[in-house]
Amino acid sequence: MSFPYGGSYSTDFIEDWVKICLPAKAKVTAEHEDTPFGDQCVLCEKETVNVSLENLLSYQGLLWGHDFILSPPVSL
Numbered sequence: 055m056s057f058p059y060g061g062s063y064s065t066d067f068i069e070d071w072v073k074i075c076l077p078a079k080a081k082v083t084a085e086h087e088d089t090p091f092g093d094q095c096v097l098c099e100k101e102t103v104n105v106s107l108e109n110l111l112s113y114q115g116l117l118w119g120h121d122f123i124l125s126p127p128v129s130l
């Protein structure tokens, strides 16, 4: 949640990898703007898992050559 995205702490790997979950940060900050920062971080961790699952499912048919659906649907 507090990672600087301005490039002043640029790395070869971490900054681009962390940007994958900017939608989780945006959702948490929009829906929980009055929540303490530490609690926002916990919520963001959980929402990041949802973003990662959505990303994984976007590769249906490419992963191992199989189509799949999570059943029951997984969400935190």
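With our numbering as the guide, the letters of the sequence shown map in order to residues 55 to 130.
Beta carbons are placed, not taken as given, at the ideal position from N, Cα and C, and that holds for glycine.
Please read all numbers here as calculations on a predicted model, not as lab measurements.
The three-state reading of DSSP puts proline 77 in helix, counting H, G and I together. Taking the Cβ atoms as the reference, cysteine 95 lies roughly 11 Å from alanine 78, outside the contact range of under 8 Å. The Cβ atoms of valine 82 and glutamate 101 sit closer than 7 Å to each other. Taking C-beta atoms as the reference points, cysteine 75 and valine 103 fail to come closer than 7 Å.
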